[in-house]
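Participant: Each residue of the sequence shown is one higher than the last, beginning at 1 in full-length UniProt numbering. Ideal placement from N, C-alpha and C gives every residue a C-beta, glycine not left out. Pasting a structure below so you can have a look.
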Amino acid sequence: MTTDIETRVTSWPGAEAAPHRFDGSAFILEGRELGHVHGQQQVDIPFPKRVRDVVVANGLASKHPFLPRIRLDHEVPRVGR
1 MTTDIETRVT SWPGAEAAPH RFDGSAFILE GRELGHVHGQ QQVDIPFPKR
51 VRDVVVANGL ASKHPFLPRI RLDHEVPRVG R
């Protein structure tokens, strides 16, 4: 799956794939990362919030699960784990 995505994205003029800092491949256009893939089932695309909300609401994606939520002071130590 992600190989097909990489082939498609790198066919765009000026786009290229490069190793991503957390494993996988990053897609670069004019020096900026468009998104990246991890393994064969995860694609991370940084949509603007309004676009992300529509995509998630329509069941086409889920919010990125990586970032820990911090709502209260006592939750701060878990970020460094």
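Just list the residues that DSSP pairs H38 with in beta bridges.
Facilitator: Answer by DSSP bridge pairing, in chain order: Q42.
Participant: Taking just the CA atoms, how far does S11 sit from L29?
Facilitator: Whole-angstrom Cα-Cα distance: 11 Å.
Participant: Closest to E33 by C-alpha separation, out of L60, G59, V56 and P19, would be which residue?
Facilitator: It is P19.
Participant: Going by beta carbon distance, what residues of the same chain come within less than 8 Å of H64, once the five residues before and after it are set aside?
Facilitator: D44.
Participant: Quick check on R8: does DSSP put it in helix, strand or coil?
Facilitator: Of the three classes helix, strand and coil, the one that applies to R8 here is helix, per DSSP.
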